[in-house]
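Undergrad: Please read through the structure below; I'll follow up with questions.
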Amino acid sequence: MIVDLRSDTVTKPTAEMWEAMRAAALGDDVLGDDPTVMELERVSCELLGKDAAVFVPSGTMGNQIALASATERGDCALFEEEAHMLYYEVGGPGVIAQVTTRTCPSVNGIMSPAEIEKRIQVTSLHTPGTTFIGIENTHNRAGGAVVPLDLLESYRDIADRHGIWLHLDGARMFNACADLDCEPAAMAGSFDSVNFCLSKALGAPVGSVLCGPAPFIQRARRWRKRLGGGMRQAGLLAAAGLVGLRSVRPRLGEDHQRAVRFAAAIAGAPGLDAQAQTNFVMIDTRRAASELCAKVGERGVLCMAFGPHRIRCVFHYDVNDEQAAFAAQVFRESV
Ligand SMILES: *Cc1c(COP(=O)(O)O)cnc(C)c1O
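The sequence shown runs 49 to 383 under this note's numbering.
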């Protein structure tokens with residue numbers, strides 16, 4: 049048995065996705081007439097309560113073109129210290145938007161409004177002004193941590209007072225919504241722009257959607273084209289994304305419950321500690337993480353070393369109860 053817990057990006061399309069892809073009406077999305085992409089963008093706007101949306105090949109592209117579309121070269125963008133936009137996007141802010149960046153510390157991925165406000169810079173002869181704040185929910189490097197709605201509202205307040213663009217890197221925002229039991233629009237309402245991934249927990253093979261005001265999305269479309277992200281019969285991919293939003297999104301809570309049970313089954317073993325947050329489980333081990341990963345890997349349990357003594361396991365629809373129980377047993381027998 050193979051249990052692939054490396055990420056929720058490893059899922060294969062569901063049967064319903066394959067059918068939808070086969071049946072999708074197609075056009076040319078660069079010419080603006082692919083009906084399935086248009087439908088995905090319409091559904092995304094409705095779900096998030098935004099005016100406009102653009103389908104992009106990846107979350108990284110969605111985030112970076114959002115930054116480029118909301119800032120001027122040399123502005124300052126503020127992120128949590130280990131934000132994906134800084135940590136995993138290959139220096140995109142410096143290369144693409146050409147902005148300077150500042151970081152803000154957090155507790156478990158969650159920044160206090162006071163700490164954010166301390167780091168806001170005004171535009172002056174000497175200082176680049178802060179024009180963009182990126183918030184991540186759920187937070188990847190913090191192990192799937194959820195930022196609650198009242199904090200998001202405080203961030204909105206700060207952004208309003210200082211005239212700053214507030215962006216949600218919502219690669220897994222639907223996991224955060226499932227955890228908070230809130231509608232996506234309730235979360236998106238605090239933000240000027242929102243990017244979410246179809247290829248993470250929702251299980252679609254490719255793509256993300258960036259949502260925001262119409263003039264911003266017009267700029268983002270030009271950035272997408274400039275970076276080579278204009279896709280032609282992209283309705284094939286959008287069709288799978290629509291199924292993800294409709295059929296996979298409502299069941300994300302099952303992954304969270306499985307993560308909790310898996311963490312509980314592991315946490316008792318000597319030398320292992322495990323915490324579940326949304327669909328992530330972070331395992332702390334006395335052994336070298338890479339060694340333990342290799343050992344469980346020999347028995348078909350695939351996971352990722354996330355630090356010298358830390359391992360990450362991610363739950364998704366291609367992992368059922370039996371596989372989760374097997375994976376926990378393999379961990380217990382491998383320490
Ligand atoms: C995965 C991820 C992204 C980027 O998505 P890709 O499609 O892999 O480029 C952005 N932000 C967060 C928080 C992520 O987890």
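Just so it is clear, CB atoms sit at the ideal spot from N, CA and C, and this is done for glycine as well. Quick caveat: nothing in here was measured; it's all calculated off a predicted structure.
Please find out if some non-hydrogen atom of ligand 1 comes closer than 7 Å to the beta-carbon of Ser241.
TA: no
Undergrad: Any Cβ of chain B within less than 8 Å of the Cβ of Ser295?
TA: Checking the listed chains, one finds no chain B in this structure; it contains a single protein chain.
Undergrad: Have a look at Gly251, Gly345, Gly283, Arg360 and flag the residue whose alpha-carbon is nearest the alpha-carbon of Leu300.
TA: Gly251
Undergrad: His132: buried (16+ other C-beta within 10 angstroms of its C-beta) or exposed?
TA: buried
Undergrad: Enumerate in chain order the residues of its own chain whose CB-to-CB distance from Arg334 is below 6 Å, with the five nearest sequence positions on each side excluded.
TA: Gly319
Undergrad: I'd like to know whether the C-beta atoms of Leu258 and Phe239 end up nearer to each other than 8 Å.
TA: no
Undergrad: Would the region 368 to 381 count as touching the region 329 to 348 if we require 3 or more Cβ pairs under 8 Å?
TA: yes
Undergrad: Can you tell me whether Cys152 is helix, strand or coil according to DSSP?
TA: strand
Undergrad: Look at the alpha carbon of Cys361 and the alpha carbon of Ser172, and state the distance between them as a whole number of angstroms.
TA: 46 Å
Undergrad: Counting only the same chain and skipping the five closest in sequence on each side, list residues whose C-beta sits under 7 Å from that of Arg280.
TA: Asp76, Asp77, Val78
Undergrad: Could you check what DSSP says for Glu184 in three-state terms: helix, strand or coil?
TA: In the structure shown, Glu184 sits in a strand (DSSP, three-state: E or B).
Undergrad: According to DSSP, what are the bridge partners of Leu126?
TA: According to DSSP, which records beta bridges pairwise, Leu126 is partnered with Arg150, Ile181.
Undergrad: Considering only the alpha carbon of each residue, which of Gln325, Ala118, Pro232 lies closest to Lys98?
TA: Ranking Gln325, Ala118, Pro232 by Cα distance to Lys98 puts Pro232 first.
Undergrad: Identify every residue that forms a DSSP beta bridge with Ser256.
TA: Val104, Cys245
Undergrad: Quick one, are the C-beta atoms of Gly390 and Cys245 less than 8 Å apart?
TA: An answer regarding residue 390 cannot be provided, because it is not within the stretch 49 to 383 covered by the chain.
Undergrad: What would DSSP say about Val362, mapped onto helix, strand or coil?
TA: Val362: strand per DSSP, three-state reduction.
Undergrad: Is Asn188 near ligand 1, judged by its Cβ being under 7 Å from some heavy atom?
TA: yes
Undergrad: Is Ser247 near ligand 1 - that is, is its Cβ less than 7 Å away from at least one heavy atom of it?
TA: yes
Undergrad: Terminal residues of the continuous beta strand (DSSP E) containing His215?
TA: 213 to 218
Undergrad: Indicate, with yes or no, if ligand 1 has a heavy atom lying under 7 Å from the CB of Ser295.
TA: no
Undergrad: Compare the beta carbon distance of Ala207 and Met69 with 8 Å and say whether it is the shorter of the two.
TA: no
Undergrad: When the Cα of Leu214 is compared with those of Ala236, Arg272, Leu74, which residue comes out closest?
TA: Ranking Ala236, Arg272, Leu74 by CA distance to the CA of Leu214 puts Ala236 first.
Undergrad: Does ligand 1 have a heavy atom nearer than 7 Å to the CB of Asp76?
TA: Checking every heavy atom of ligand 1 against the Cβ of Asp76, none is found closer than 7 Å.
Undergrad: Can you give me the Cβ contacts of Ile164 inside the same chain, cut-off strictly under 8 Å, excluding the 5 residues immediately before and after it?
TA: Listed in chain order, the non-local C-beta contacts of Ile164 below 8 Å within the same chain comprise Leu126, Cys152, Ile181, Tyr203, Ile206, local neighbours out to five positions each way being set aside.
Undergrad: Taking 7 Å as the line, does the beta carbon of Asp217 fall inside it for any heavy atom of ligand 2?
TA: In the structure shown, ligand 2 is absent; the only ligands present are ligand 1.
Undergrad: Using DSSP bridges, identify the partner residues of Val51.
TA: Val349
Undergrad: May I ask you to list the residues that DSSP assigns as paired with Val329?
TA: Ala324, Cys361
Undergrad: Rounded to whole angstroms, how far is the Cβ of Phe363 from the Cβ of Arg306, which I believe are closer than 8 Å?
TA: 5 Å
Undergrad: Quick one: is Asp81 buried, meaning 16 or more other Cβ sit within 10 Å of its Cβ, or exposed?
TA: Taking all protein chains in view, the Cβ of Asp81 is surrounded by fewer than 16 other Cβ atoms within 10 Å, so the residue is classified as exposed.
Undergrad: Counting only the same chain and skipping the five closest in sequence on each side, list residues whose C-beta sits under 7 Å from that of Val91.
TA: Contacts found: Leu290, Leu293.
Undergrad: Can you list, in chain order, the residues of its chain with a C-beta nearer than 7 Å to that of Arg297? Leave out the 5 residues immediately preceding and following it.
TA: Phe222, Leu250, listed in sequence order.
Undergrad: For a quick check, are the C-beta atoms of Met49 and Gln371 less than 8 Å apart?
TA: In this structure, Gln371 lies closer than 8 Å to Met49 by Cβ.
Undergrad: On the criterion of 16 or more Cβ atoms from any shown chain inside 10 Å, does Pro356 qualify as buried, or is it exposed?
TA: Exposed: under 16 other Cβ atoms inside 10 Å.
Undergrad: In whole angstroms, what separates the C-alpha of Ser143 from that of Arg167?
TA: The sequence as given places Val at residue 143; Ser does not occur at that position. Whole-angstrom Cα-Cα distance: 22 Å.
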